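Trainee: I have a structure here, written as structure tokens, and I will follow up with some questions on it.
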Amino acid sequence: MISPWMPNGDLKSFLKLHPEADHVLLLVEIAAGLEYLHMRNPAVVHGDLKATNVLVSEDEHACIADFGLSDTSTDPEEHERNGYSSTWKNGGNIRWQAPELLVSYQRTTQSDMFAFGRVIYEVFTGLVPFEELKEGQVYSVVDQGRLPPRPGIEW
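Per full-length UniProt numbering, residue 1 is the first one in the sequence shown, and the count goes up by one each step.
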């Protein structure tokens, strides 16, 4: 898949350089992109949504990118039968993934929406979820059901 050149780079970098950008409009465009993917028949699951996987066009529109983990099947056994690599199982980043993905490799439209919630957090706070923790620690806090801290509020 080839996409057009996005001179504004990824959403995270763009917002650091342009804090005055319309955060809500960018999020609405991401939501519209997810709706488009999820309304296909069969639905397309992105599987790795985060601010660095959203590109911003020259005219400042959000475009979902990095479809390396996307698929129309959420069945791990079907992936194995079709010769998919184990990257699909282990891919993505726990900081944005739904907690159920700790025990199940079944990415779904619902797990995409959970990741979108984390993108909203990232857009409005400027923080990566659990950025103060090492990746191994993130597994533990996610397993405990803890949420990323609100800015200005200590753990």
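We put the CB at the ideal spot given by N, CA and C, even for glycine. As the structure is a computational prediction, the values presented were derived from the model and not from experiment.
Closest to I94 by CA distance: which of N53, F124, G136 is it?
Mentor: For the purposes of this step, residue 94 is identified with residue 94 of the sequence shown, where counting begins at 1. Of the candidates N53, F124, G136, the one whose C-alpha sits nearest the C-alpha of I94 is G136.
Trainee: Return the bridge partner residues of L55 from the DSSP annotation.
Mentor: Position 55 of the sequence shown holds residue 55. Looking at the DSSP output, L55 shares a beta bridge with D10, C63.
Trainee: Which residue from V24, A65, A43, P149 puts its Cα closest to that of M6?
Mentor: On the sequence shown, position 6 is the one that residue 6 refers to. Per the Cα distances, A65.
Trainee: Taking 8 Å as the cut-off, decide whether the C-beta atoms of V119 and K50 are in contact.
Mentor: Here residue 119 refers to the residue found at position 119 of the sequence shown. Here residue 50 refers to the residue found at position 50 of the sequence shown. The answer is yes: Cβ separation under 8 Å.
Trainee: Leaving out five residues before and five after L27 in sequence, what residues of the same chain have Cβ atoms less than 7 Å from its Cβ?
Mentor: The residue labelled residue 27 in the question sits at position 27 within the sequence shown. If we look at L27 and ignore the five residues flanking it on each side, its Cβ neighbours are I120, V123.
Trainee: Hey, G9 and V44: beta-carbon distance below 8 Å or not?
Mentor: Taking the first residue of the sequence shown as position 1, residue 9 is located at position 9. Taking the first residue of the sequence shown as position 1, residue 44 is located at position 44. No, Cβ-Cβ distance for G9 and V44 is not below 8 Å.
Trainee: Quick one: grab the DSSP three-state call for V128.
Mentor: In the sequence shown, residue 128 corresponds to position 128, counting from 1. Correct three-state label for V128: coil.
Trainee: Could you give the C-beta distance for F116 and A31, rounded to a whole number, given that I count them as a contact under 8 Å?
Mentor: By 1-based counting over the sequence shown, the position of residue 116 is 116. By 1-based counting over the sequence shown, the position of residue 31 is 31. Indeed they touch by this definition, with Cβ atoms about 7 Å apart.
Trainee: Report all residues from its chain with a CB closer than 6 Å to the CB of E35; omit the five preceding and five following residues, and keep chain order.
Mentor: On the sequence shown, position 35 is the one that residue 35 refers to. Correct list: empty, nothing qualifies.
Trainee: Helix, strand or coil for P45? Go by DSSP, reduced to three states.
Mentor: Reading the sequence shown from its first residue, position 45 is the one you call residue 45. Sequence check: residue 45 is Val here, not Pro. Three-state DSSP puts V45 in a strand.
Trainee: Could you check whether D143 and L101 sit closer than 8 Å to each other, using their CB atoms as the reference points?
Mentor: Here residue 101 refers to the residue found at position 101 when the sequence shown is read from its first residue. Here residue 143 refers to the residue found at position 143 when the sequence shown is read from its first residue. Remark: C-beta atoms of L101 and D143 do not approach each other more closely than 8 Å.
Trainee: Out of R40, T108, E29, G126, point me to the one whose CA is closest to R150's CA.
Mentor: The count along the sequence shown starts at 1 and reaches residue 150 at position 150. Residue G126 is the option with its Cα nearest to R150.
Trainee: State buried or exposed for L11, treating a residue as buried only when at least 16 other CB atoms are found within 10 Å of its CB.
Mentor: Counted from its first residue, the sequence shown places residue 11 at position 11. Flag for L11 reads buried.
Trainee: Can you grab the Cα-Cα spacing for the pair A62 / L17, in whole Å?
Mentor: As a position in the sequence shown, residue 62 is number 62, starting the count at 1. As a position in the sequence shown, residue 17 is number 17, starting the count at 1. Near 15 Å, if we compare the C-alpha coordinates of L17 and A62.
Trainee: For F14, I'd like the list of residues in its chain whose CB is within less than 6 Å of its CB, leaving aside the five on either flank, ordered along the chain.
Mentor: Start at 1 with the first residue of the sequence shown, and residue 14 comes out as number 14. So the qualifying residues of the chain are N8, V56.
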